[in-house]
Amino acid sequence: MNSREKKIQTPLTEDVIQGLKAGDAVRITGILFTARDAAHQRLVSAIQAGQSLPFDLRGQIIYYVGPTPPPPGKPIGSAGPTTSYRMDVYVPYLLEKGLKGMIGKGARSQKVKEDLQKHKALYFGAVGGAGALLARYIHSATVIAYEDLGPEAIRKLQVVNFPAVVINDTYGGDLYEQGKQKYRQT
Amino acid sequence: MREISATEIFSAVVGLIQRANFILPDAVVKALKEAHEREASPTGQQTLSILLENVTVAAQEQLPLCQDTGTGIFLVELGQEVHITGGFLNDIIQEAVREAYRSFHLRKSIVNDPVFDRKNTGDNTPAMIHTEIVPGERLKILFAPKGGGCENMSGLWMLTPAEGLEGIRRKVLEFVEWAGPNPCPPIVVGIGIGGSFDQCALLAKKAALRPIGIRNPDPRYAQLEQELLDAVNRLGIGPMGYGGTTTALDVHIEFLPTHITQLPLAINIQCHSARYAEVVL
Chain U
1 MNSREKKIQT PLTEDVIQGL KAGDAVRITG ILFTARDAAH QRLVSAIQAG
51 QSLPFDLRGQ IIYYVGPTPP PPGKPIGSAG PTTSYRMDVY VPYLLEKGLK
101 GMIGKGARSQ KVKEDLQKHK ALYFGAVGGA GALLARYIHS ATVIAYEDLG
151 PEAIRKLQVV NFPAVVINDT YGGDLYEQGK QKYRQT
Chain A
187 MREISATEIF SAVVGLIQRA NFILPDAVVK ALKEAHEREA SPTGQQTLSI
237 LLENVTVAAQ EQLPLCQDTG TGIFLVELGQ EVHITGGFLN DIIQEAVREA
287 YRSFHLRKSI VNDPVFDRKN TGDNTPAMIH TEIVPGERLK ILFAPKGGGC
337 ENMSGLWMLT PAEGLEGIRR KVLEFVEWAG PNPCPPIVVG IGIGGSFDQC
387 ALLAKKAALR PIGIRNPDPR YAQLEQELLD AVNRLGIGPM GYGGTTTALD
437 VHIEFLPTHI TQLPLAINIQ CHSARYAEVV L
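Protein sequences, first through last, are from chains U and A. Note that the first sequence covers residues 1 to 186 in my numbering. Note that the second sequence covers residues 187 to 467 in my numbering.
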């Protein structure tokens with residue numbers, strides 16, 4: 001583990017959130033909840049219908065992942081991030097319910113970036129296409145809702161030192177913009 | 187006429203699906219290593235190291251390289267002297283997909299209906315099969331598990347002949363910049379030029395699946411590939427979009443004759459996990 005990496009725990013506290021800036025490498029330990037397209041649709045439908053959610057979002061991090069099925073003897077299969085922008089439309093509803101972090105890959109909409117500042121929440125990137133490696137940091141996986149969605153079901157993951165990087169912080173920082181400006185040669 | 191049995195095709199396709207999902211082709215590993223040497227950004231270099239480590243871990247732990255084990259794309263070349271016995275080619279391929287995705291614990295990512303039901307078919311079928319009849323008595327099958335993230339970063343434009351080479355250059359660079367970190371860079375940019383609307387999209391797919399390092403045999407297109415590769419790598423997007431000098435591992439162009447009114451251009455992006463496997467029976 002790199003010494004410049006910051007170790008953080010879930011659920012996230014306001015101090016931890018405000019202490020992180022775009023570009024900071026982190027190692028996350030605790031619980032992550034998985035959700036992607038279809039699960040988000042159901043969560044938001046439940047919120048709109050005034051129904052209770054399958055888990056309390058306050059302080060939590062959602063990981064945008066649809067893992068491969070676990071081979072015998074392993075807690076999970078390959079488990080890297082999916083592209084995040086597809087979930088952009090659902091984000092405001094979840095932030096309202098207290099969600100404090102998302103892990104995925106790829107750029108977010110301007111609206112999401114502004115909402116992260118407003119609700120004091122973070123967007124993290126994990127390395128896409130490194131699903132076999134990332135599975136090593138996931139010690140258990142339990143389906144807690146929407147089992148019929150198969151790979152898109154909501155899972156509760158126990159992670160230890162899961163590697164990620166802050167893409168969008170609570171100050172308007174954006175690693176993708178900063179990185180591109182630094183190395184652009186046109 | 188040569189006979190090839192359904193059993194032989196089935197086993198070969200199951201083998202292709204396994205190989206493609208667990209072992210990254212040598213040319214891709216080589217390109218990632220070379221990119222690691224060249225990359226100017228320390229974060230970019232570290233990201234490339236992670237991708238190379240993932241290749242080792244996938245093999246050691248028998249986990250798929252990526253959790254998105256894709257839509258099954260098959261490019262089939264069927265010699266017209268071949269007679270397939272014991273089954274219909276497409277059924278054999280779909281049956282092999284069903285078997286391989288189950289037995290190798292691959293993710294099932296296909297929904298039955300794009301708009302109304304969106305219910306997971308549970309076995310990753312149907313795969314998308316493109317079959318061409320070619321001379322001879324061989325059957326060549328290429329399989330690629332195409333991930334959704336990079337496939338979504340695709341487009342097709344009916345440019346005007348007046349837009350020409352400049353229009354192509356501009357559109358490719360604009361598009362790769364727009365896609366940014368989404369398709370898991372470093373990418374392979376697959377470009378189709380010419381043909382008709384439908385053929386152009388298929389050309390882009392074939393270009394995306396051409397092995398890295400192989401240039402178009404036409405020197406003008408080969409030069410354009412190199413020029414676009416250099417230009418894409420000056421955009422600054424870098425590995426996973428964290429900034430850097432490696433945005434693409436390669437740019438491939440396939441072209442066809444076209445209509446006097448047209449200049450079709452299609453782009454299909456392939457992520458760094460450029461998985462494919464091929465067999466000739």
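Glycine residues also receive a C-beta, built at the ideal position from the N, C-alpha and C atoms.
Cα atoms of A:PRO300 and U:GLY19: separation of roughly 43 Å, rounded to the nearest angstrom. For the pair of segments examined, the region 35-54 of chain U was found not to touch the region 7-15 of chain U: the number of CB pairs separated by less than 8 Å stays below three.
By the Cβ criterion, the region 439-451 of chain A is in contact with the region 372-385 of chain A, since at least three pairs of Cβ atoms, one from each stretch, lie closer than 8 Å. In this structure, the CA atom of U:LEU99 is about 7 Å from the CA atom of U:ALA121. Annotated three-state conformation of A:ILE209 is coil, per DSSP. Taken through DSSP and simplified to helix, strand or coil, A:ASN276 comes out as helix.
By the C-beta density criterion, A:ARG304 is exposed, having fewer than 16 other C-beta atoms within 10 angstroms. By the Cβ neighbour-count rule, A:PHE274 is exposed, with fewer than 16 other Cβ atoms within 10 Å of its own. Within a 10 Å sphere around the beta-carbon of U:GLU96 sit fewer than 16 other beta-carbons, which makes this residue exposed.
By the Cβ-count criterion, U:GLU152 is buried, with 16 or more other Cβ atoms from all chains shown falling within 10 Å of its own Cβ.
Sequence-distant Cβ neighbours of A:ILE259 in its own chain, meaning closer than 6 Å and more than five residues away, are MET314, ALA330, LYS332.
When only Cα atoms are considered, A:TRP364 and U:LYS105 end up about 15 Å apart.
For the C-beta of A:HIS291, the chain U residues within less than 8 Å are, from N- to C-terminus, THR68, PRO69, PRO70, PRO71, GLY77. Nearest CB-CB separation between A:MET426 and chain U: below the 9 Å threshold. Uninterrupted alpha helix (DSSP H) stretches at least 4 residues long and entirely within the region 377-454 of chain A occur at 383-394, 405-418, given in chain order. Comparing C-alpha distances from U:ALA25 to each of U:THR34, U:ARG4, U:ALA38 shows the shortest one belongs to U:ARG4. Residue environment for A:HIS445: exposed (fewer than 16 other C-beta atoms within 10 angstroms of its C-beta). Between A:ALA226 and A:GLY430 the beta-carbon gap is near 6 Å, inside 8 Å, which marks them as a contact.
At a cut-off of 9 Å, the C-beta of A:HIS458 has a neighbouring C-beta in chain U. At a cut-off of 9 Å, the C-beta of A:CYS386 has no neighbouring C-beta in chain U. Check the Cα spacing between A:ILE270 and each of A:ALA387, A:ALA452, A:SER191, A:GLN409: the tightest is with A:SER191.
When only Cα atoms are considered, A:ASP416 and U:PHE33 end up about 40 Å apart. Taking 9 Å as the cut-off, the beta carbon of U:ILE154 is found closer than this to the beta carbon of U:ALA145. DSSP places U:HIS119 in the helix class (H, G or I) of the three-state scheme.
Interface with chain A (9 Å Cβ-Cβ cutoff): U:GLU152 is included. An exposed status is given to A:GLN246, since fewer than 16 other beta-carbon atoms sit within 10 Å of its beta-carbon. Assigned with DSSP and collapsed to three states, U:VAL112 falls in helix. In the assembly as shown, A:GLY256 is a buried residue. Its beta-carbon has 16 or more other beta-carbons within 10 Å. By the beta-carbon neighbour count (other beta carbons within 10 angstroms, threshold 16), U:VAL165 is buried. Among the CB atoms of chain A, one or more fall inside 9 Å of the CB of U:VAL165. Rounded to whole angstroms, the separation of the alpha carbons of U:LEU157 and U:ALA22 is 25 Å.
Burial check for A:ASP254: the Cβ neighbour count within 10 Å reaches 16 or more, so the residue is buried.
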